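**Q** Numbering (full-length UniProt numbering), first residue to last: 1 to 409.
Even glycine gets a Cβ: it sits at the ideal position worked out from N, Cα and C.
Computed from a predicted structure; not experimentally measured.
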Amino acid sequence: MPQQKKGTMIRSRGPKGADATPTAMDDGIEYKEKPKETKSSPIYSRRWFKVLAVLLVVVYVVIPLLFLYYPPIRRHSVFLNYVSLSRVGNLSEPAAYGLKCAHNLYLQSEANVKLGTWNIQLPQDCQEGNRFDPAQPVVVYVHGNAGTRGGGHRVELYKLLTSDQVNLPVVAFDYRGFGDSTNVPPSARGLVRDARAVYDWVKRNGGSQVIVWGHSLGTAVSVALVAELCKEGRCPMGLVLEAPFTKVSDAARYYPLTIIHRYMPYFESVFVRSLESEETHLDSEALIADVKSPVLILHAEDDAMVPVHLGRQLFATAQRKGCQVSMVEFPQYGHKGLYKDAQLPSVVKNFVIRDEDDTDKDELWIMVDMEWEAIPQKAIRMFIESVPIHGSQSEKINIEPNTGKVLIN
1 MPQQKKGTMI
11 RSRGPKGADA
21 TPTAMDDGIE
31 YKEKPKETKS
41 SPIYSRRWFK
51 VLAVLLVVVY
61 VVIPLLFLYY
71 PPIRRHSVFL
81 NYVSLSRVGN
91 LSEPAAYGLK
101 CAHNLYLQSE
111 ANVKLGTWNI
121 QLPQDCQEGN
131 RFDPAQPVVV
141 YVHGNAGTRG
151 GGHRVELYKL
161 LTSDQVNLPV
171 VAFDYRGFGD
181 STNVPPSARG
191 LVRDARAVYD
201 WVKRNGGSQV
211 IVWGHSLGTA
221 VSVALVAELC
231 KEGRCPMGLV
241 LEAPFTKVSD
251 AARYYPLTII
261 HRYMPYFESV
271 FVRSLESEET
281 HLDSEALIAD
291 VKSPVLILHA
301 EDDAMVPVHL
311 GRQLFATAQR
321 KGCQVSMVEF
331 PQYGHKGLYK
341 DAQLPSVVKN
351 FVIRDEDDTD
361 KDELWIMVDM
371 EWEAIPQKAI
381 RMFIESVPIH
391 GSQSEKINIE
401 PNTGKVLIN
């Protein structure tokens with residue numbers, strides 16, 4: 001047998017197996033096992049430390065910089081028009097969503113923008129065509145961010161409103177960039193234009209008594225719309241705000257996903273004040289004073305998306321500004337589930353009936369020194385009867401038909 005040279009390394013198969021590491025020895029070969037990687041090993045720890053470091057840089061540096069300096073990120077974060085947590089079916093077939101008497105159509109908002117729309121009629125009045133009964137109040141539903149007009153909670157609300165419990169036809173639509181509407185980037189002003197286009201269409205087709213109903217982000221769109229209409233002397237019959245907030249930037253401050261940044265020193269400047277740019281700025285608190293229609297605020301006390309204190313703050317501002325406003329709080333059902341509350345139908349019916357009988361109230365509202373004040377109706381009538389109804393003096397009195405308010409110029 002040939003003699004082995006000292007210091008020669010011989011790789012051989014043995015009981016140590018393929019994972020053994022040969023080490024040169026003077027007298028031969030010694031095999032050592034490769035160190036196995038465990039959760040407590042330095043190699044494993046260093047790897048996860050690197051992953052964690054990259055994640056922290058992305059979350060606390062990259063995302064804030066993108067949010068601050070790249071407007072499309074802010075826009076998509078507010079509108080979430082590409083996000084849908086509900087089943088997305090064929091929006092051109094509302095019957096597939098369980099709506100028995102609904103017609104799909106596309107309304108023109110601007111030259112290059114069409115809006116997917118559902119005209120949801122009362123079951124007892126189901127017929128072809130899109131004419132409305134002038135004596136029948138109609139709801140124009142302005143939905144919140146994310147999803148489409150076919151979202152689960154939205155469809156359930158349509159069913160409730162059109163049921164014999166409430167008897168209100170509903171017109172629901174998707175903003176630009178949502179659902180099957182024209183895919184152009186949404187903006188704050190664009191959403192208001194879209195709501196205006198739907199409202200005008202309802203009015204053109206016989207809907208003389210329109211109630212604008214906004215939910216979440218749609219409340220800010222609705223307040224902006226109704227404020228605009230009232231400035232033109234075209235106040236709708238009423239305004240319902242479900243889960244409203246004061247302004248978009250305030251809502252962002254309490255949005256659940258912002259909790260990971262909420263305690264960082266840059267939070268206010270990056271994630272709150274940046275949303276006050278023209279593309280995303282909607283401020284209901286600033287505009288509510290221009291709303292002369294009766295307002296009903298609905299809010300769940302356990303709303304985790306838009307805290308109820310924001311709805312209360314808007315209510316307090318509306319009261320302070322002299323608006324005809326009432327607020328109903330529900331103990332549960334969160335951000336999207338108020339349609340489940342057994343009391344909602346009676347709350348809505350009472351609001352509608354009050355609006356229809358508004359001009360028969362014991363009090364009318366009169367503008368005195370640029371502020372609305374409640375004045376006994378008898379006194380108002382005596383004053384009106386004392387004013388000559390001819391010449392320029394007749395223009396001094398303007399009774400708003402929808403609110404019963406008397407404006408003295």
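Once DSSP output is grouped into helix, strand and coil, what is the label at LYS247?
**A** Your numbering for residue 247 matches position 247 in the sequence shown. In this structure, LYS247 counts as strand in the three-state DSSP scheme.
**Q** Report the residue ranges of all alpha helix (DSSP H) runs contained in full by the segment 273 to 315; include only those spanning at least 4 residues, in chain order.
**A** 284 to 287
**Q** Are the beta-carbon atoms belonging to GLY177 and GLY116 less than 8 Å from one another?
**A** Counted from its first residue, the sequence shown places residue 177 at position 177. Counted from its first residue, the sequence shown places residue 116 at position 116. Contact flag unset, no.
**Q** Ignore the nearest five residues each way along the sequence and tell me which others in VAL138's own chain have a CB closer than 8 Å to its CB.
**A** For the purposes of this step, residue 138 is identified with residue 138 of the sequence shown, where counting begins at 1. PHE132, LEU168, PRO169, VAL170, VAL171, VAL202, GLY207, GLN209, VAL210 and ILE211, listed in sequence order.
**Q** Let me know the alpha helix (DSSP H) ranges lying completely inside the segment 81 to 137, each 4 residues or longer, listed in chain order.
**A** none
**Q** Considering only residues of the same chain and omitting the five flanking positions on each side of ILE260, which have a CB-CB separation below 7 Å?
**A** As a position in the sequence shown, residue 260 is number 260, starting the count at 1. VAL59.
**Q** Please classify GLY144 as buried or exposed, where buried requires at least 16 neighbouring CB atoms within 10 angstroms.
**A** The residue you call residue 144 lines up with position 144 of the sequence shown. Label assigned to GLY144: buried.
**Q** Let me check understanding here. Comparing Cα to Cα, which of LYS292, PRO265, ARG273 and VAL240 lies closest to VAL347?
**A** As a first step, residue 347 is located in the sequence shown; it is residue number 347 there, counting from the start. When C-alpha distances from VAL347 are compared across LYS292, PRO265, ARG273 and VAL240, the shortest belongs to VAL240.
**Q** State the CB to CB distance for the pair LYS247 and SER284, rounded to an integer number of angstroms; the pair is presumed to be in contact (CB under 8 Å).
**A** In the sequence shown, residue 247 corresponds to position 247, counting from 1. In the sequence shown, residue 284 corresponds to position 284, counting from 1. Yes, they are in contact, since the Cβ atoms of LYS247 and SER284 sit about 6 Å apart, within 8 Å.
**Q** List the endpoints of the continuous alpha helix (DSSP H) containing GLU156.
**A** Sequence index remark: in the sequence shown, residue 156 carries index 156 (1-based). From DSSP, the alpha helix (DSSP H) with GLU156 extends over 152 to 162.
**Q** Any idea if ALA318 is buried or exposed, counting beta-carbon neighbours within 10 angstroms, 16 or more meaning buried?
**A** In the sequence shown, the residue the question calls residue 318 occupies position 318. ALA318 should be labelled buried.
**Q** Let me know the secondary structure DSSP gives SER269 once reduced to three states.
**A** Position 269 of the sequence shown, counted from the first residue, corresponds to residue 269. DSSP places SER269 in helix when its eight states are reduced to three.
**Q** Quick check: what's the CA-CA separation for ALA53 versus ARG196?
**A** The count along the sequence shown starts at 1 and reaches residue 53 at position 53. The count along the sequence shown starts at 1 and reaches residue 196 at position 196. A direct Cα-to-Cα measurement between ALA53 and ARG196 gives close to 48 Å.
**Q** Could you spell out where the alpha helix (DSSP H) holding GLU228 opens and where it closes?
**A** The count along the sequence shown starts at 1 and reaches residue 228 at position 228. Unbroken alpha helix (DSSP H) run through GLU228: 217 to 231.
**Q** Are the Cβ atoms of ALA102 and ASN119 separated by less than 8 Å?
**A** In the sequence shown, counting from the first residue as 1, residue 102 sits at position 102. In the sequence shown, counting from the first residue as 1, residue 119 sits at position 119. For ALA102 and ASN119, yes; Cβs fall inside 8 Å.
**Q** So, using beta-carbon positions, are SER216 and VAL306 closer together than 8 Å?
**A** Counting from 1 along the sequence shown, the entry for residue 216 is found at position 216. Counting from 1 along the sequence shown, the entry for residue 306 is found at position 306. Result yes, Cβ atoms of SER216 and VAL306 sit closer than 8 Å.
**Q** Are the CB atoms of LEU310 and ALA220 within a distance shorter than 8 Å?
**A** To locate residue 220, count along the sequence shown from 1; it is residue 220. To locate residue 310, count along the sequence shown from 1; it is residue 310. Against a cut-off of 8 Å, the Cβ pair of LEU310 and ALA220 comes out as no contact.
**Q** Does DSSP put PHE173 in a helix, a strand or coil?
**A** Counting from 1 along the sequence shown, the entry for residue 173 is found at position 173. Secondary structure at PHE173: strand, using DSSP grouped into helix, strand and coil.
**Q** Taking only three categories from DSSP, how would you classify VAL54?
**A** The residue labelled residue 54 in the question sits at position 54 within the sequence shown. Of the three classes helix, strand and coil, the one that applies to VAL54 here is helix, per DSSP.
**Q** Please name the residue or residues paired with residue 433 in a DSSP beta bridge.
**A** Given that the chain is displayed from residue 1 to residue 409, the structure contains no residue 433 and the question cannot be resolved.
**Q** Give the single residue among ALA300, LEU225 and GLY322 whose Cα lies nearest to the Cα of ALA188.
**A** The residue you call residue 188 lines up with position 188 of the sequence shown. Comparing Cα positions, the closest option is LEU225.
**Q** Leaving aside the five residues before and after ARG47 along the sequence, list all residues of the same chain whose C-beta is less than 7 Å from its C-beta, in chain order.
**A** One-based indexing of the sequence shown puts residue 47 at position 47. Closer than 7 Å at Cβ, skipping near neighbours: no residue.
**Q** Could you tell me how far apart the beta carbons of LEU68 and VAL270 are, in whole angstroms, since I believe they sit closer than 8 Å?
**A** To locate residue 68, count along the sequence shown from 1; it is residue 68. To locate residue 270, count along the sequence shown from 1; it is residue 270. Between VAL270 and LEU68 the Cβ distance is about 5 Å, and since that is below 8 Å, they are a contact.
**Q** DSSP on VAL325, reduced to helix/strand/coil?
**A** Reading the sequence shown from its first residue, position 325 is the one you call residue 325. Strand.
**Q** Where does PHE178 sit, in a helix, a strand or coil, going by DSSP?
**A** On the sequence shown, position 178 is the one that residue 178 refers to. Reduced to three states, the DSSP call for PHE178 is coil.
**Q** Expressed to the nearest angstrom, what Euclidean distance is found between the alpha-carbon atoms of VAL61 and ALA304?
**A** Along the sequence shown, read from residue 1 onward, the residue named residue 61 stands at position 61. Along the sequence shown, read from residue 1 onward, the residue named residue 304 stands at position 304. Between VAL61 and ALA304, the C-alpha separation is close to 27 Å.
**Q** Just the Cα atoms here: how many angstroms apart are TYR254 and SER277?
**A** What you label residue 254 is simply residue 254 of the sequence shown in a count that begins at 1. What you label residue 277 is simply residue 277 of the sequence shown in a count that begins at 1. Distance between the alpha carbons of TYR254 and SER277 is about 19 Å.
**Q** Any idea what DSSP makes of TYR141, helix, strand or coil?
**A** Taking the first residue of the sequence shown as position 1, residue 141 is located at position 141. Three-state result, TYR141: strand.
**Q** Just to confirm my understanding: we take HIS335, look at its own chain, exclude 5 residues before and 5 after, and list those with CB closer than 6 Å. What are they?
**A** In the sequence shown, the residue the question calls residue 335 occupies position 335. Short of 6 Å from the beta carbon of HIS335, and not among the five residues preceding or following it, lie these beta carbons of its own chain, in chain order: ALA243, ASP303 and MET305.
**Q** Might you give, ordered along the chain, the residues of its own chain that have their beta carbon closer than 6 Å to the beta carbon of GLN124, omitting 5 neighbours on each side?
**A** As a first step, residue 124 is located in the sequence shown; it is residue number 124 there, counting from the start. Hits under 6 Å: none found.
**Q** Nearest-angstrom Cα distance between ILE297 and PHE315?
**A** Position 297 of the sequence shown holds residue 297. Position 315 of the sequence shown holds residue 315. So the two alpha carbons sit approximately 7 Å from each other.
**Q** Just list the residues that DSSP pairs PHE330 with in beta bridges.
**A** Within the sequence shown, numbered from 1, the residue matching residue 330 stands at position 330. In the DSSP output, where bridge partners are listed per residue, PHE330 has ALA300.
**Q** Considering only C-alpha positions, which residue in the set SER181, PRO72 and ARG204 is nearest to PRO134?
**A** Taking the sequence shown and counting its residues from 1, the one referred to as residue 134 is at position 134. Each of SER181, PRO72 and ARG204 was checked against the Cα of PRO134, and the nearest Cα belongs to ARG204.
**Q** Of the residues GLY147, LYS100 and PRO64, which one's Cα is nearest the Cα of ASN81?
**A** Residue numbering aside, residue 81 sits at position 81 when the sequence shown is read from its first letter. Per the Cα distances, GLY147.
**Q** Just to confirm the assignment, what range does the alpha helix (DSSP H) spanning HIS76 have?
**A** As a working mapping, residue 76 is identified with position 76 in the sequence shown. Unbroken alpha helix (DSSP H) run through HIS76: 71 to 79.
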